[in-house]
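2 protein chains.
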Amino acid sequence: MPNKPSPESNSRTGATQADSTSCAAPDTTAEVDTRYLQILMGYNPRKAALNILEVFLERLAPYGLKPVEFSVMSTICHKPGVNSRQLCNAFDLLHPNLVGLIQSLESRGLIERQPAPHDVRAMGFHATSKGLELMIQAEQIATELEMKKIAQLTTAQRKSLLTLLQKIYL
Amino acid sequence: MPNKPSPESNSRTGATQADSTSCAAPDTTAEVDTRYLQILMGYNPRKAALNILEVFLERLAPYGLKPVEFSVMSTICHKPGVNSRQLCNAFDLLHPNLVGLIQSLESRGLIERQPAPHDVRAMGFHATSKGLELMIQAEQIATELEMKKIAQLTTAQRKSLLTLLQKIYL
DNA sequence: TATTGTTATACTCTATAACTATA
DNA sequence: TATAGTTATAGAGTATAACAATA
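Residue numbers (the working numbering), protein chains in the order written: chain C, 47 to 216; chain W, 47 to 216.
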């Protein structure tokens, strides 16, 4: 439950007059205490994701791969022939927004589109050799930086974290 | 050059090469196996955050509060007199983007701006009684839905999850 | 000179409607 | 009728530059 930042505040939801006890001149340079928000599960995964994606973005910028592009490219490499609907389902994308992404990857020579054997409408995506080479490096970078990021965690803690997170959204 | 992205191309990153072994007619209706991405820490917090924020958004829509607005309102309630710089630091917002948010909350009668006692430039934000009443309900809703979301976790697991997440981004 | 708040603006991301061609 | 892909477009969210008033 949302609770109070200060010991003597009132009983309900923590929407209270806090911090007005000590000083006549409040320290406006101080960081805000957001502890009462840190108990919220939604707040923490978001902060963790933002923190990691920030590093991800700058480390993979030389490869011209944004996070979603990385995920899509990785999937195409690991599952040749995958189509757009599958990619949209896997990564919570909308079809119209995937189009430009695919066209971009194709124009960069990283993937090719081949009509599916059993359905002329569907196009299967395949990585080119250039795309594969890029992803081999990119996946290594991604793994390294995540390793570094979670270096403070033991193997057991890391496994535990993943298990707990997946319990929430699976 | 039209390449079969070869199964043996990637040995790293836990890339489990599945699926390309069995069928001549690939099942295009099947969900894509993204297990190889699930070892990445950045992927999981993002999915968890998206999943929780989705429910958050629809449950708090009747109160007209988006996730960031909720966080800002909550902070203003818990720390009366907080200024814009503190809010920006706390929630990774940029000043120009906070302006419209604050103006919106003010025009809805949820907060008031009062000049800070020791600095005429700075404006301290204070919740109105209407704003406080709204947040008492909103925080309760938020807590309930998060409780429901993590009901599968024991208290110990929940505490563990938060500790591990905060180790990553703190 | 540095800081607080603000406007204007642009760019990215996400969302909806509608069209085509195939099944 | 339903599905795969596409286009156009609108709306959030996020980013930088520049300015005024004050410290």
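Cβ atoms here follow ideal geometry from the backbone N, Cα and C, with glycine treated the same way.
Neighbour flag for residue i against chain W, beta carbons, 7 angstroms
i	result
C/L233	What is shown of chain C runs 47 to 216, which leaves residue 233 of chain C out entirely.
C/Q183	no
C/C69	Confidence at C/C69 is low in this model, with a pLDDT of 38, below 50, so its placement is unreliable and the value that follows should be read with caution. No, C/C69 lies away from the interface with chain W (no Cβ there is under 7 angstroms from its Cβ).
C/L211	yes
C/K125	yes
C/R159	no
C/Q149	no
C/A197	no
C/V78	yes
C/V128	yes
Buried versus exposed call for residue i [16 or more other C-beta atoms within 10 Å across all chains shown]
i	result
W/G177	buried
C/T67	Its pLDDT being 33, under 50, C/T67 is placed unreliably by the model, and nothing is read from it.
C/H141	exposed
C/S150	exposed
W/S117	buried
W/R92	buried
C/V166	exposed
W/L211	buried
W/S175	exposed
C/T121	buried
W/E104	exposed
C/T209	exposed
C/A202	exposed
C/E94	Before going further, note that residue 94 of chain C is Ala rather than Glu in the sequence given. Burial call: buried.
Best match in the options for proximity to residue i [C-alpha to C-alpha]
i	options	result
C/I214	W/S206, W/L211 and W/L199	W/L199
C/P108	C/Q183, C/M169, C/E192 and C/D138	C/Q183
C/A188	C/R159, C/R92, C/K93 and C/V101	C/V101
W/L156	W/R167, W/E179 and W/S117	W/E179
C/L111	C/T201, C/L207, C/E185 and C/S206	C/E185
C/L106	C/L191, C/H172 and C/T201	C/L191
W/K125	W/A173, W/G146, W/Q203 and W/F137	W/A173
C/E115	C/L147, C/N97 and C/L139	C/L147
C/F171	C/M119, C/L99, C/A95 and C/P113	C/M119
C/D138	W/R159, W/D138 and W/T80	W/T80
Start and end residues, beta strand (DSSP E) containing residue i
i	result
W/V166	D165 to A173
W/P108	It is not in any beta strand (DSSP E) - W/P108 carries neither H nor E in the DSSP assignment.
W/Q160	I157 to A162
CB contact below 7 angstroms: residue i versus chain C
i	result
W/I187	no
W/T174	no
W/T201	no
W/F105	Correcting the residue type first, residue 105 of chain W is Arg in the shown sequence and not Phe. It does not: the Cβ of W/R105 has no partner Cβ on chain C nearer than 7 angstroms.
W/R92	yes
W/I122	no
W/V145	no
W/V114	no
C-beta atoms of residue i and residue j nearer than 7 angstroms
i	j	result
W/L144	W/S130	yes
C/M181	C/C123	yes
C/P161	C/M169	yes
C/A136	W/V128	no
W/L96	W/P113	no
Start-to-end residues for the alpha helix (DSSP H) that takes in residue i
i	result
C/V145	H141 to S153
W/E115	P113 to H124
W/N135	S130 to F137
Closer than 6 angstroms: residue i CB and nearest the ligand ADP heavy atom
i	result
C/R92	Among the components modelled here there is no ligand, and therefore nothing to report on the ligand ADP.
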